[in-house]
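Note that our numbering has the sequence shown beginning at 5, numbered continuously upward.
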Amino acid sequence: MLKLRDVKAGYGKSEVLQGVSLDVHVGEVVTLVGANGAGKTTTLKTLCGIVKARSGSIEFDGIELTAHAPHDIVELGVTMIPEGRQLFPFLTVEENLLMGAYKPSARKFHQERLERVLAIFPRVRERLAQLAGSLSGGEQQMVAIARGMMADPRLLVFDEPSLGLSPLLVDQMFDVIRTVADQGTTVLLVEQNVFHTLQIADRGYVLENGCVTLSGTGKELLENPHVCRAYLGH
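Below, the structure is given as structure tokens:
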């Protein structure tokens with residue numbers, strides 16, 4: 005489904021990605037693991053067209069993405085749930101969700117899509133008439149995921165979905181991500197909570213200094229001595 009090959013990208017004179025290569029297959033949950041500053045979010049932003057690749061190839065279903073604008077990439081089926089949720093606080097929850105269905109192919113079926121999304125997020129259904137800014141952090145994160153799903157993505161990209169959540173809500177968040185994947189949406193996930201993310205991931209890549217240094221199944225990486233020392237405190 006998704007292929008990154010030797011992707012280099014950065015900001016100004018700083019080159020953050022030094023040649024990242026990775027694959028995401030249909031139906032998988034794939035995670036990027038690494039310390040702050042390793043290039044995880046830059047990888048996601050480059051995939052989504054927010055940061056332009058300086059070289060290399062990003063291919064989604066055989067289509068080269070590096071020349072496409074972000075809205076075109078959404079139309080092709082890639083949707084990102086950004087760090088910090090970035091809801092419209094003075095719009096209702098329902099209005100925020102409908103904003104997620106702005107692309108033409110999703111707009112035509114927005115009501116049907118809304119019902120499918122609310123079936124996954126019953127708590128969000130209870131909050132449809134509330135202003136998004138009045139919700140708790142956990143509820144806002146659920147709305148952010150639900151809004152992303154309104155675009156009917158084939159690949160859903162998460163950037164730090166558990167950031168700022170309590171331990172109980174973190175567990176619920178990972179359950180939701182696994183449910184989304186089990187219902188047929190492919191997931192690419194960046195998350196500081198390495199233990200939880202590797203538990204639900206089919207495969208993972210370790211990014212260090214803008215390069216992929218390790219890859220394997222979630223179980224393999226959980227048992228890898230370097231991952232245990234550097235990211236799990238073992």
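Don't be surprised by glycine CBs; every beta carbon is placed ideally from N, CA and C.
By the neighbour-count definition (other C-beta atoms within 10 Å, threshold 16), residue 145 is a buried residue. Residue 166 counts as buried, since no fewer than 16 other beta carbons sit within 10 angstroms of its beta carbon. Annotation for residue 185: the continuous alpha helix (DSSP H) segment containing it runs 171-186.
Separation of the CB atoms of residue 131 and residue 139 is rounded to 6 Å, and the pair is thereby assigned contact status at 8 Å. When DSSP states are grouped into helix, strand and coil, residue 54 belongs to the coil group. Only residues of its own chain outside the window of five on either side were considered, and among them 8, 209, 216 have a CB closer than 7 Å to the CB of residue 26, listed in chain order. Exposed is the label assigned to residue 94, since fewer than 16 other Cβ atoms lie within 10 Å of its Cβ.
In this structure, residue 236 and residue 44 do not form a Cβ contact; the two beta carbons are roughly 17 Å apart against a cut-off of 8 Å. Taking a 10 Å sphere around the C-beta of residue 175, we find fewer than 16 other C-beta atoms and assign the residue as exposed. Membership of residue 15 in the beta strand (DSSP E) is indicated by the continuous run 6-15. A straight-line Cα-Cα distance of about 14 Å links residue 69 and residue 10. Secondary structure note for residue 64: its beta strand (DSSP E) is the uninterrupted segment 59-64. Assignment of beta-bridge partners to residue 85 by DSSP yields 162.
Contact annotation, residue 169 with residue 141: C-beta distance approximately 6 Å; criterion of less than 8 Å satisfied. Pairwise C-beta distances place the segment 88-105 out of contact with the segment 51-63, as fewer than three of them are shorter than 8 Å. Take residue 180, set aside five residues on each side of it, and the residues of its chain with a beta-carbon closer than 8 Å to its own are 124, 125, 146, 149, in chain order.
Burial of residue 64 is indicated by the presence of at least 16 other C-beta atoms within 10 angstroms of its C-beta. Going by DSSP, residue 225 is part of the alpha helix (DSSP H) stretching over 222-226. Contact between residue 192 and residue 34 holds, since their C-beta atoms are separated by about 5 Å, short of 8 Å. Residue 23 and residue 161 have their C-alpha atoms spaced approximately 20 Å apart. Each of 42, 213, 62 was checked against the Cα of residue 50, and the nearest Cα belongs to 62. Listed as beta-bridge partners of residue 117 by DSSP are no residues whatsoever.
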